[in-house]
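The structure under discussion appears below in the form of structure tokens.
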Amino acid sequence: DTGVSQDPRHKITKRGQNVTFRCDPISEHNRLYWYRQTLGQGPEFLTYFQNEAQLEKSRLLSDRFSAERPKGSFSTLEIQRTEQGDSAMYLCASSTSSATNEKLFFGSGTQLSVL
Amino acid sequence: AQSVTQPDIHITVSEGASLELRCNYSYGATPYLFWYVQSPGQGLQLLLKYFSGDTLVQGIKGFEAEFKRSQSSFNLRKPSVHWSDAAEYFCAVGADSGGYNKLIFGAGTRLAVHP
Chain F
6 DTGVSQDPRH KITKRGQNVT FRCDPISEHN RLYWYRQTLG QGPEFLTYFQ NEAQLEKSRL
66 LSDRFSAERP KGSFSTLEIQ RTEQGDSAMY LCASSTSSAT NEKLFFGSGT QLSVL
Chain L
-3 AQSVTQPDIH ITVSEGASLE LRCNYSYGAT PYLFWYVQSP GQGLQLLLKY FSGDTLVQGI
57 KGFEAEFKRS QSSFNLRKPS VHWSDAAEYF CAVGADSGGY NKLIFGAGTR LAVHP
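One line per chain: the protein sequences are F and L, in this order. For what it's worth, our numbering labels the leading residue of the first sequence as 6, then goes sequentially. For what it's worth, our numbering labels the leading residue of the second sequence as -3, then goes sequentially.
Here it is, written out as structure tokens:
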């Protein structure tokens, strides 16, 4: 169990550029979540995958955001035409699907700064 | 809509003193309740959770929390704080959304510990 890993740890980009983040969940976990955390706030749910299927997207996830989990393992989160308001910590979490009350394991996050 | 309120943004305690972090939630049904801790550069770590049964829940690192339905509260306590407990603490409610657990977090309480 190597935990949930996220890459990169930090990303600085200019407004209007596209960025992509990667999340590698714990290997036996089939549920994967993306959250966003802005300064001084708790994490906010963005989207959820069960295996390769994206089952829910938050209204926070505008059309500029897209997430994939092509083989039910790692996931990517892409932000197109970044805006300064996208600056935040992007957190990935994974879990098994044994029950609704499963424990989430979080990665350390990708800190995005949009200049 | 579900929500979580953590009334205290910052709390400072002396090492060895007792600690109570407040959490109030708004949720129509019986909630799943969680406390997570986030240290700088670390992922969110689950301290404890409540789903049903005994309203006093024991967690890791000597923490406990008590669910009080009448007060819609789930306060976190520790009898004697250690310097290593300095971190940010998040209360969360789990909204059962189609069989998986979507967490709604409070804004967090930052704990400082004086030697």
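Every residue gets a Cβ at the ideal spot worked out from N, C-alpha and C, and that includes glycine. Just so you know, these numbers come straight off a predicted model, no measurement behind them.
Worksheet item: Which value, in whole angstroms, describes the spacing of the CA atoms of L:K45 and L:A91?
Response: Locating residue 45 of chain L in the second sequence gives position 49, where the first residue counts as 1. Locating residue 91 of chain L in the second sequence gives position 95, where the first residue counts as 1. Spanning the two alpha carbons is a distance of roughly 13 angstroms.
Fill in: Cβ-based neighbour list, L:A13, same chain, cut-off 8 angstroms, excluding 5 preceding and 5 following
For this step, residue 13 of chain L is matched to residue 17 along the second sequence. Taking L:A13 as the centre and dropping the five residues before and after it, the same chain places the C-beta of S76, V77 closer than 8 angstroms to its C-beta, in chain order.
Fill in: Nonlocal neighbours in the same chain, by C-beta distance under 6 angstroms from F:D12, ignoring five residues either side
Working through the first sequence from its first residue, we reach residue 12 of chain F at position 7. Same-chain partners within the cutoff: R27.
Fill in: Partner residues on chain L for F:Y95, Cβ-Cβ distance less than 8 angstroms
One-based indexing of the first sequence puts residue 95 of chain F at position 90. The contacting residues do not exist; F:Y95 stays about 12 angstroms from chain L at best.
Discussion item. For a minimum of 3 consecutive residues, which ranges assigned as the beta strand (DSSP E) are wholly contained in the segment 35 to 61 of chain L?
Written reply: The segment 35 to 61 of chain L contains these whole beta strand (DSSP E) runs: 41 to 46, 52 to 54.
Item to complete: Answer with yes or no whether the minimum CB distance from L:G102 to chain F is below 8 angstroms.
Response: As a working note, residue 102 of chain L is residue 106 in the second sequence. Chain F contact via Cβ: present.
Worksheet entry | Whether F:T101 touches F:N35 by CB criterion (8 angstroms) | The count along the first sequence starts at 1 and reaches residue 101 of chain F at position 96. The count along the first sequence starts at 1 and reaches residue 35 of chain F at position 30. Yes, they are a contact pair.
Worksheet item: Taking DSSP as the reference, what is the three-state secondary structure of F:D12?
Response: Your numbering for residue 12 of chain F matches position 7 in the first sequence. In the three-state reduction of the DSSP assignment, F:D12 falls in the strand class.
Discussion item. Considering just the uninterrupted stretch of the beta strand (DSSP E) at F:D29, what are its terminal residues?
Written reply: In the first sequence, counting from the first residue as 1, residue 29 of chain F sits at position 24. According to the DSSP assignment, F:D29 belongs to the beta strand (DSSP E) that extends over 24 to 29.
Worksheet item: Got a sec: is the Cβ-Cβ distance from F:P13 to anything in chain L below 8 angstroms?
Response: One-based indexing of the first sequence puts residue 13 of chain F at position 8. Not closer than 8 angstroms to any Cβ of chain L, the Cβ of F:P13 fails to qualify, so no.
Practice prompt. Look at the alpha carbon of L:C87 and the alpha carbon of L:S22, and state the distance between them as a whole number of angstroms.
Written response: Within the second sequence, residue 87 of chain L is the residue found at index 91, counting from 1. Within the second sequence, residue 22 of chain L is the residue found at index 26, counting from 1. If you take the alpha carbons of L:C87 and L:S22, they lie about 12 angstroms apart.
Worksheet item: If we call anything under 8 angstroms between Cβ atoms a contact, is L:E16 one with L:R73?
Response: Position 20 of the second sequence, counting from 1, holds the residue named residue 16 of chain L. Position 77 of the second sequence, counting from 1, holds the residue named residue 73 of chain L. A contact, by the Cβ cut-off of 8 angstroms.
Worksheet item: Given that L:G37 touches chain F, what residues does it touch there, using C-beta distances under 7 angstroms?
Response: Stepping through the second sequence from its first residue, residue 37 of chain L is reached at position 41. Residues of chain F passing the Cβ test: S113.
Worksheet entry | Three-state secondary structure assigned by DSSP to L:R65 | Position 69 of the second sequence, counting from 1, holds the residue named residue 65 of chain L. Helix, per DSSP.
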